[in-house]
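Residue numbers (the working numbering): -19 to 230.
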C-alpha cells in the first residue's frame, strides 16, 4: 500500500487517469454518434446488445493497445527521464517499484473495463434495445477486457522499464493496434493465435455473419486453447521481463 501511494503521488502531474478517461470518452462518443445517426431498426433492436458488444470490442482493438502503451510510458518515464533508479533503489526495492506501477495501472484498467460494461447497458436502454440484457456476456466482456488489457499492459511496462527511449514502446503499441484489428478480419487463421493485441476479439463469445443482406449474431464457445496459451504467454513474458528488470544495470 505504501508503494502504491508513492506511485500515486509521483503521478499526480502525469494525470494517468486522464488518459483512460479520454479513451473511454472517445469510444463512448464514437459509438453513440454512430447509433444516433443510424438508430436500431425493429429487427436490429432484437439483438441490440449483441451489436453494442461487438462495437465495443472493435473500439478496444483500435484504442486500448496505444492507450496502454502511453500509460506505461508515462508512468515509467518519471524514472527513465531523470535516470533516478540508483537513488530510488537505495530507498525501495526494484520489486516494489515494478509492482507499484503495475497495481496502479491495474486499478485504472479495472475501472475502465467496468465503465465500458456499464455504458453498454446505458446505451442499450437509451437506443431502445428490445433484447433482454445478456448479463453473462456482459460479465464475460468485463472480465476479458480487464485480463487481456492487463497482459498487454505488463508487456508495455516491461518494455518501457527496459528501454530508455520511450518511442520504441509507443511504436510497438501503435503497431499492436494495426495488427490487432487486422487479425480480427481473419478469425480462422494463425494470426488470431500469434497476435496478442487481437485477443480482445478472440475472447469475444459473439460472431457476426452477413448473409443475404442481413446480419446474424451467434454465441460461440470460446477457444480455450488459444486463451490458455495467451495467458501462459503473459505469465512467461512477466516472469522473463521482471527477471531482466531485476538484473538491469543502473
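Glycine residues also receive a C-beta, built at the ideal position from the N, C-alpha and C atoms.
Determine the extent of the beta strand (DSSP E) in which residue i is found, giving its start and end residues.
{"i": "residue 172", "result": "Note, residue 172: premise wrong, no beta strand (DSSP E); alpha helix (DSSP H) at 171 to 174."}
For the alpha helix (DSSP H) containing residue i, list its first residue and its last residue.
{"i": "residue 96", "result": "74 to 106"}
{"i": "residue 222", "result": "204 to 226"}
{"i": "residue 17", "result": "-4 to 17"}
{"i": "residue 157", "result": "147 to 164"}
{"i": "residue 182", "result": "179 to 182"}
Are residue i and residue j touching if we call contact CB-CB under 9 angstroms?
{"i": "residue 169", "j": "residue 128", "result": "no"}
{"i": "residue 46", "j": "residue 156", "result": "yes"}
{"i": "residue 180", "j": "residue 41", "result": "yes"}
{"i": "residue 111", "j": "residue 51", "result": "no"}
{"i": "residue 164", "j": "residue 32", "result": "no"}
{"i": "residue 75", "j": "residue 226", "result": "yes"}
{"i": "residue 187", "j": "residue 195", "result": "no"}
{"i": "residue 175", "j": "residue 153", "result": "no"}
{"i": "residue 123", "j": "residue 211", "result": "no"}
{"i": "residue 185", "j": "residue 91", "result": "no"}
{"i": "residue 12", "j": "residue 103", "result": "yes"}
{"i": "residue 100", "j": "residue 48", "result": "no"}
{"i": "residue 78", "j": "residue 222", "result": "yes"}
{"i": "residue 215", "j": "residue 80", "result": "no"}
{"i": "residue 162", "j": "residue 171", "result": "yes"}
{"i": "residue 114", "j": "residue 36", "result": "no"}
{"i": "residue 25", "j": "residue 108", "result": "yes"}
{"i": "residue 43", "j": "residue 8", "result": "no"}
DSSP state of residue i, grouped into three classes?
{"i": "residue 125", "result": "helix"}
{"i": "residue 187", "result": "strand"}
{"i": "residue 200", "result": "coil"}
{"i": "residue 43", "result": "helix"}
{"i": "residue 27", "result": "coil"}
{"i": "residue -9", "result": "coil"}
{"i": "residue 143", "result": "coil"}
{"i": "residue 35", "result": "helix"}
{"i": "residue -19", "result": "coil"}
{"i": "residue 167", "result": "coil"}
{"i": "residue 50", "result": "helix"}
{"i": "residue 59", "result": "helix"}
{"i": "residue 114", "result": "coil"}
Quickly, what does DSSP pair residue i with across the bridge? List them, please.
{"i": "residue 195", "result": "190"}
Can you check whether the C-beta of residue i is within less than 9 angstroms of a C-beta belonging to chain D?
{"i": "residue -3", "result": "The chain labelled as chain D is not found in the depicted structure, where only one protein chain is given."}
Touching by the beta-carbon criterion (3+ pairs, under 8 angstroms), the segment -12 to -2 and the segment 78 to 90
Flag = yes, the segment -12 to -2 and the segment 78 to 90 touch.
Examine the Cβ distances between the segment 51 to 58 and the segment 93 to 102 and report whether three or more of them are shorter than 8 angstroms.
no
Validate contact between the segment 11 to 19 and the segment 133 to 145 using beta carbons, cut 8 angstroms, 3 pairs
no
Would you say the segment 147 to 154 touches the segment -4 to 4, given that touching needs at least three Cβ pairs under 8 angstroms?
no
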